[in-house]
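Reviewing the structure listed below.
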Amino acid sequence: MPITILHVVYVWPILRRLKSGRLTLVIGSMIPDFEIPLLTMMGYAIPRGLAHSVIGALTINSLIAILTTQLIYSFQKVIKILGVKDNPSTSLTYSWGTASIGALTHVLIDYLHHSYNPILWPIINEYFEGPLTIFLGYPYASLLLHVISTIILFSILLYSRGRLKISLRRLLSSPNNLYKVIVEPDF
C-alpha cells in the first residue's frame, strides 16, 4: 500500500470534476487500510481481507466512508476550521457511488504492488499476485509505487500553490488550505 494518505492522489483528478461528495470520495480512497491494524491486532499474518476486495470496496468500505463523512460533518467547529464547502446532503446512491469509486481505486492501486491481494474474496478465497510484484518483486514494486505517489502529491501541491498564489510553506501549514487542495480543488 502506498502510505494511506497517498491513495488520495489517485482520486484527485475525479475530485476536480465533482461538485459534491468529495469528502466521501477521499475517505473512501483511504478506508480499506483501516482493516490492517485491526487484523494485525487479531493475529492475522497477512492483514488484508474483505476491505481489500472488490466486494468489500462496494459494501463495507463504502458504508464506513459514508458514516465517517457524516460524522465529520456533524462537527461544526471542524467544518469551520477547514472551510468545508462540500454539500453533505447528496443522495445515498450518489454518496455510495463516490465512496465505492474511492475504495475501488484503493484496491486497484494496492493490487498493482502486493503479492497478497484478496481482490475476489469471498467468491474466490485466494490471494493474487500484483503485476508489479511479479516483475519487480515486492520491495521494488512497493518502492516504485511510493515514489510515483509522492511525485504526484508534490506535483499537486506545487500546481495548487501556483493556482492559489501562496507559498508552499503557507499551503502546508494551513489546515484550511490543505483541505482546499486535497479535498475541494475548485481552482
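First residue of the sequence shown? That's 386 in the numbering used here, and the numbers climb one at a time after it.
In this text, a Cβ means the ideal position worked out from N, Cα and C, and glycines have one as well.
Given the structure is predicted, the values throughout are model-derived calculations rather than measurements.
Closest by C-alpha distance to residue 408, out of 454, 427, 426, is 454. Taking residue 548 as the centre and dropping the five residues before and after it, the same chain places the C-beta of 572 closer than 7 Å to its C-beta, in chain order.
Every unbroken stretch of the alpha helix (DSSP H) spanning 4 or more residues and falling wholly within the segment 392 to 441 is given here in chain order: 397 to 400, 407 to 415, 420 to 426. Within 10 angstroms of the beta-carbon of residue 507 lie fewer than 16 other beta-carbons, which makes it exposed. Beta-bridge annotation (DSSP): residue 562 is not paired with any residue. A distance of 8 Å or more separates the beta carbons of residue 440 and residue 415.
In this structure, the straight-line span from the alpha carbon of residue 543 to that of residue 509 is close to 43 Å.
No Cβ-Cβ contact shorter than 8 Å links residue 488 with residue 428. Here residue 502 is bridged, per DSSP, to 513.
Taken in chain order, no unbroken stretch of beta strand (DSSP E) lies wholly in the segment 525 to 559 with a span of 3 residues or more. For the pair residue 496 and residue 504, the CB atoms are nearer than the 8 Å cut-off. Residue 555 and residue 511 have their C-alpha atoms spaced approximately 47 Å apart. The three-state reading of DSSP puts residue 475 in coil, since its state is none of H, G, I, E or B. Using a 10 angstroms sphere on the CB of residue 518, the tally of other CB atoms reaches 16 or more, which defines it as buried. In the three-state reduction of the DSSP assignment, residue 444 falls in the coil class, being assigned neither a helical nor a strand state.
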